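The structure appears right after this line, and notes come after that.
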Amino acid sequence: MPEPLLKVDGLQKRFGRGKNAYQALTDVSFEVGQGEIVGLVGESGSGKSTIIRCLVGLEKEDAGTISYDGIDPVSASKADLRRYRREVQMVFQDPYSSLDPRMTVQEILEEPMLVIGGFSPADRRARIHELIDMVGLLPEHLTRHPRHFSGGQRQRIAIVRSLVVDPRVLLCDEPVSALDVSVQAQVLNLIKDMQRRLDLTVLFVSHDLAVVKYLCTRLVVLDKGVIAETGDVPAIYDAPQDPYTRALMEAVPVPDPVLERARRARRLEAAR
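What follows is the structure, encoded as C-alpha cells:
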C-alpha cells in the first residue's frame, strides 16, 4: 500500500441513549494511501456514511482518532484545521438536495473558495472554467440554477464544487446511487478521470459491489459498524475470507446472458 495519507484508528460512534441507543461504529480502523481509490462497502446501516460524516466533521466520533497527513482535526491548530478542511472534500449522495436551488452554478462553485479564502477573483474565475471544461460543462451553464440540469449534470457540478479548492482527498458518499443507471457509468468514469488527472486520493462509499469493483483498487468491508475484511479488490472478489463478505458477493445479481445480448443489441442499434 502507498504511504498512508488518511488514517482512521479505533473509531466509535453511538446514536441515542439508554435502551434506544444504536452503536453505529465499533473500533473501526483503516488507512488510505496516497493516490489510492479505496472502496468502503457494506449493506445499508453498516456505518459507511457515519464514517464519512465523522471525517468531514458533520458527526463527532465518541472515541478513536482521525488523522490526515499528520493532522488530527480534533486537536489541530487553526492553520492546520483550515488546511484539513480545504484538502479533504466531500461529494454527497443526492445531487438534487446538495445544491442550493437559489444560487446560480457560478455562485455555488465560488462559495467554497470564498469560505476557504486566498483566491483572488481571477483565480476563482480561472479555476472554475478549467474544471467545468474538464467535466464537460459549458461556460453558459454558470448563469443557470440547479433546476435547469439533469441529475448527472448536477452531480458533475457537485464534483466541481468539491474540487475548486484543490483538495488532495475526495470523500464520495454513494455519489451515483441517486442517478439513473444510464448516467452512473459517466459519473464513475468522471471520478476516475479526475483522480488520475488531479492525483487525488479517494474514499468511495457504496453498497454496489459492481461499482467498487470497477472503480476501486482496495476494499474495506463494513458489517454493522465493524470491519469484516480489507484487501485488494481482485483478492477479495476471487477469494473472500469473511462469511459476511462472501454473502455480499453471492447477493450480487448475475446478468442473464440472453437479456444482456439483447440490451447490447438495442444500444448498438440506437447508436447507429
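Each residue of the sequence shown is one higher than the one before, counting from 3 in this note's numbering.
From the three backbone atoms N, C-alpha and C, an ideal C-beta is built for every residue, glycine too.
Quantities reported herein were computed from a predicted structural model and do not represent experimental measurements.
To which residues of the same chain is residue i closer than 6 Å at the C-beta, ignoring the five residues directly before and after it?
i	result
residue 16	23, 25, 64
Could you pull out every residue in the same chain whose Cβ sits closer than 8 Å to the Cβ of residue i, ignoring the five residues on either side in sequence?
i	result
residue 158	137, 138, 139, 189, 192
residue 29	12, 13, 14, 66, 228
residue 90	8, 57, 58, 70, 169, 170, 171, 173
With burial defined as no fewer than 16 other Cβ atoms inside 10 Å of the residue's Cβ, what is the status of residue i: buried or exposed?
i	result
residue 120	exposed
residue 124	exposed
residue 114	buried
residue 50	buried
residue 38	buried
residue 187	exposed
residue 204	buried
residue 145	exposed
residue 164	buried
residue 170	buried
residue 243	exposed
residue 175	buried
residue 195	exposed
residue 231	buried
Kindly indicate which three-state DSSP category residue i falls into: helix, strand or coil?
i	result
residue 14	strand
residue 98	coil
residue 148	helix
residue 241	coil
residue 249	helix
residue 183	helix
residue 262	Note that residue 262 scores a pLDDT of 49, beneath 50, so its modelled location is shaky and nothing firm can be said.
residue 166	coil
residue 92	strand
residue 125	helix
residue 116	helix
residue 23	coil
So who's on the other strand from residue i, going by DSSP bridges?
i	result
residue 65	14
residue 208	43
residue 33	9
residue 193	Looking at the DSSP assignment, residue 193 forms no beta bridge with any residue, so it has no partner.
residue 173	92, 205
residue 73	70
Go through its chain and collect everything with a Cβ distance to residue i's Cβ below 7 Å, but skip five positions before and after it.
i	result
residue 86	70, 73, 75, 78
residue 162	111, 133, 134, 137
residue 4	35, 36, 37, 38
Provide the residue span of the alpha helix (DSSP H) that contains residue i, from first to last.
i	result
residue 56	50-57
For the beta strand (DSSP E) containing residue i, name the first residue and the last one.
i	result
residue 230	228-234
residue 225	220-225
Compare the C-beta of residue i against all C-beta atoms of chain B and say whether one is closer than 8 Å.
i	result
residue 156	Annotation note: the requested chain B is absent from the structure, which comprises a single protein chain.
How about residue i: is its Cβ closer than 7 Å to a heavy atom in the ligand NAD?
i	result
residue 243	The model on display carries no ligand, and the ligand NAD is accordingly not part of it.
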